[in-house]
Amino acid sequence: MDIAKLAGVDAIKLVVMIVQASQTVRHNKKTCQQLVQHVQIIGDLLKKLQASEMMQQPEIRNGLSELEQILREAYMLVTSCQNNNYVYHLFMAAKQADQFRVLQNRLNSCLQVFPLISHIDTTDHLDQILEIIRPQHSQAVKEVPRLFTGCSSCDTRTEVYGEVKKRPLQLNCAEPLKFSLTQLVDATNKFSDQNQIGQGSFGCVYKGQLHDGLVVAVKRCFHLPSSPNQLDVQDLEFQNEIYFLTKLQHTNIVKLLGNCMQESQRILVYEYMANGSLDNFISGTGTGRLFLDWPARSRIMKGVAEGLLYLHKHCGLHVIHGDLKPSNILLDLNLHPKISDFGLARTYSPGVEEEFADRIVGSM
Numbered sequence: 586m587d588i589a590k591l592a593g594v595d596a597i598k599l600v601v602m603i604v605q606a607s608q609t610v611r612h613n614k615k616t617c618q619q620l621v622q623h624v625q626i627i628g629d630l631l632k633k634l635q636a637s638e639m640m641q642q643p644e645i646r647n648g649l650s651e652l653e654q655i656l657r658e659a660y661m662l663v664t665s666c667q668n669n670n671y672v673y674h675l676f677m678a679a680k681q682a683d684q685f686r687v688l689q690n691r692l693n694s695c696l697q698v699f700p701l702i703s704h705i706d707t708t709d710h711l712d713q714i715l716e717i718i719r720p721q722h723s724q725a726v727k728e729v730p731r732l733f734t735g736c737s738s739c740d741t742r743t744e745v746y747g748e749v750k751k752r753p754l755q756l757n758c759a760e761p762l763k764f765s766l767t768q769l770v771d772a773t774n775k776f777s778d779q780n781q782i783g784q785g786s787f788g789c790v791y792k793g794q795l796h797d798g799l800v801v802a803v804k805r806c807f808h809l810p811s812s813p814n815q816l817d818v819q820d821l822e823f824q825n826e827i828y829f830l831t832k833l834q835h836t837n838i839v840k841l842l843g844n845c846m847q848e849s850q851r852i853l854v855y856e857y858m859a860n861g862s863l864d865n866f867i868s869g870t871g872t873g874r875l876f877l878d879w880p881a882r883s884r885i886m887k888g889v890a891e892g893l894l895y896l897h898k899h900c901g902l903h904v905i906h907g908d909l910k911p912s913n914i915l916l917d918l919n920l921h922p923k924i925s926d927f928g929l930a931r932t933y934s935p936g937v938e939e940e941f942a943d944r945i946v947g948s949m
């Protein structure tokens, strides 16, 4: 077949034709199979681009025109290996070897472009979401003094001037489950060190299993008898976590299952997130963790952005998280992200251009 006759064939169809042609080659079988492996990878990536409608964009189409030319040449080269003429193969072997080498290098160069295209696609989606999230005016948030309940490692939260005042807990939604201290002691093997999966400024997190077999994460606040003010802060944080997580229901927001306020104990029970927090993947801590490939990274970014969109626009409360960072983004078994730790969360008034807070809070 003349290469000119392939001019109207798109890249995905060319990939199929190359794979089919490789099944009947008589010479250079191993080299053809190596070429086909690269071509199939490109074909899979092209299908994903087609599904995301990226290939309809002029910039992407222009960038793929060179790829289509390479695939046409690859098809012609593979079909030339179907010739069973011994004399033809004897004289063409060296030339074909050079052609295979050049095509492999050109295909490798094309493969390096796909992460960039994926990044552009992800950036476009995030820009669209952030455009919706971004308030029309520069808005500050309502003053609701809060500090920290998170249990990630190396957390330090600061407060600058002002007194912490207790805010009574008022819930409009159904109350979370009330666990007894005995239930949680049994679930965590008496809060054993072997069950501990995290620790922060105000408490530890333990992996536990309830009597019905459900695996949960149990956050147990520290006892702080020597500092009444710090106890007030801890109690306020505890209430704040219940206040927001009882109201918020979204696939990218961690679920609060219940709490325990018995004797001097303050304990929160959450759904268990098998892959821990995102900072473990970023900082390299932890063992046996999964590698975050491009699809997983894209899914995490989009999930966090969708969670923020829900908090800012769709939950009805206009919530500002106040402490979004990798250690507060948890990953489930399938690496779907969930925003956690609402100790610094607060609400803002839509349509109000400015509001003032009398303190600065945050974490590192």
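Number 894 in the numbering used here belongs to position 309 of the sequence shown; there are no gaps in the numbering.
For each residue, glycine too, the CB sits at the ideal point set by N, CA and C.
From the DSSP output, read off the bridge partner residues of residue 950. No information on residue 950 is available, as it lies outside the stretch 586 to 949 that the chain covers here.
Note the first and the last residue of the continuous beta strand (DSSP E) segment covering residue 842. Numbered from 1 along the sequence shown, position 257 holds the residue referred to as residue 842. That run of the beta strand (DSSP E) goes 841-845.
What's the gap between the Cα of residue 737 and the Cα of residue 912? One-based indexing of the sequence shown puts residue 737 at position 152. One-based indexing of the sequence shown puts residue 912 at position 327. Low confidence applies here, because residue 737 scores a pLDDT of 42, under 50, leaving its location unreliable and the question unanswered by this model.
Residue 970 versus 600, 605, 695, 765, residue with shortest Cα-Cα distance: With the chain represented from 586 up to 949, any question about residue 970 goes unanswered, as that position is not in the structure.
Using 8 angstroms as the threshold, is the C-beta distance between residue 892 and residue 931 below it? What you label residue 892 is simply residue 307 of the sequence shown in a count that begins at 1. What you label residue 931 is simply residue 346 of the sequence shown in a count that begins at 1. Contact: no.
Does the Cβ-Cβ distance between residue 830 and residue 685 come in under 8 angstroms? One-based indexing of the sequence shown puts residue 830 at position 245. One-based indexing of the sequence shown puts residue 685 at position 100. Cβ atoms of residue 830 and residue 685: not closer than 8 angstroms.
Considering only residues of the stretch 845-907, which uninterrupted alpha helix (DSSP H) runs meet the minimum length of 4 residues and lie entirely inside it, listed in chain order? 863-868, 879-894
Please state the DSSP three-state secondary structure of residue 800. Along the sequence shown, read from residue 1 onward, the residue named residue 800 stands at position 215. It is a strand residue.
Report the option in 843, 826, 934, 876 whose CA atom is closest to the CA atom of residue 924. As a working note, residue 924 is residue 339 in the sequence shown. Here the closest residue by C-alpha is 826.
Which residue comes first and which comes last in the beta strand (DSSP E) that contains residue 916? Mapped onto the sequence shown, residue 916 falls at position 331. It spans 914-916 - the beta strand (DSSP E) in which residue 916 sits, taken as one unbroken run.
Using the Cα positions of residue 929 and residue 864, report the straight-line distance between them to the nearest angstrom. Against the sequence shown, residue 929 aligns to sequence position 344. Against the sequence shown, residue 864 aligns to sequence position 279. Rounded to the nearest angstrom, the two C-alpha atoms are 19 angstroms apart.
What residue range does the alpha helix (DSSP H) around residue 597 cover? Sequence index remark: in the sequence shown, residue 597 carries index 12 (1-based). It spans 596-607 - the alpha helix (DSSP H) in which residue 597 sits, taken as one unbroken run.
Buried or exposed: where does residue 888 fall if 16 or more other Cβ atoms within 10 Å of its Cβ makes it buried? Residue mapping note: residue 888 aligns to position 303 of the sequence shown, counting from 1. Burial call: buried.
Quick one, are the C-beta atoms of residue 769 and residue 845 less than 8 angstroms apart? Within the sequence shown, residue 769 is the residue found at index 184, counting from 1. Within the sequence shown, residue 845 is the residue found at index 260, counting from 1. For residue 769 and residue 845, yes; Cβs fall inside 8 angstroms.
Residue 910 - DSSP class collapsed to helix/strand/coil: Translated into positions along the sequence shown, residue 910 becomes position 325. Coil, per DSSP.
Taking the beta carbon of residue 798 as the centre, do at least 16 other beta carbons fall within 10 Å, making it buried, or is it exposed? The residue labelled residue 798 in the question sits at position 213 within the sequence shown. Residue 798 is exposed by the Cβ-count criterion.
Range of the contiguous beta strand (DSSP E) that encloses residue 761: Locating residue 761 in the sequence shown gives position 176, counting from the first residue. Segment: none, residue 761 is in no beta strand (DSSP E) and carries neither H nor E.
Local Cβ density within 10 Å of residue 651, reported as buried at 16 or more and exposed below that: Numbered from 1 along the sequence shown, position 66 holds the residue referred to as residue 651. Residue 651 is exposed by the Cβ-count criterion.
Give me whichever residues DSSP pairs with residue 838 in a beta bridge. Residue mapping note: residue 838 aligns to position 253 of the sequence shown, counting from 1. BP columns for residue 838 point to 924.
Assign residue 611 to one of three DSSP states: helix, strand, or coil. Position 26 of the sequence shown, counted from the start, is the residue given in the question as residue 611. If DSSP states are grouped into helix, strand and coil, residue 611 belongs with coil.
CA-CA distance, residue 884 and residue 761? The residue given as residue 884 occupies position 299 in the sequence shown. The residue given as residue 761 occupies position 176 in the sequence shown. Each residue's Cα considered, the two are about 29 angstroms apart.
Are the beta-carbon atoms of residue 623 and residue 689 separated by less than 8 angstroms? Against the sequence shown, residue 623 aligns to sequence position 38. Against the sequence shown, residue 689 aligns to sequence position 104. In contact: residue 623 and residue 689 (Cβ atoms closer than 8 angstroms).
Nearest-angstrom Cα separation, counted from residue 890 out to residue 905: Counting from 1 along the sequence shown, the entry for residue 905 is found at position 320. Counting from 1 along the sequence shown, the entry for residue 890 is found at position 305. When rounded, the distance between both Cα atoms is 13 angstroms.
Can you list, in chain order, the residues of its chain whose CB lies under 7 angstroms from that of residue 859, leaving out five sequence neighbours each side? Position 274 of the sequence shown, counted from the first residue, corresponds to residue 859. Correct list, in chain order: 917, 918.
Helix, strand or coil for residue 681 per DSSP? As a first step, residue 681 must be located in the sequence shown, where it is residue number 96. If DSSP states are grouped into helix, strand and coil, residue 681 belongs with the helices.
Find out if the Cβ-Cβ distance for the pair residue 603, residue 660 is shorter than 8 angstroms. As a position in the sequence shown, residue 603 is number 18, starting the count at 1. As a position in the sequence shown, residue 660 is number 75, starting the count at 1. Yes, Cβ-Cβ distance for residue 603 and residue 660 is below 8 angstroms.
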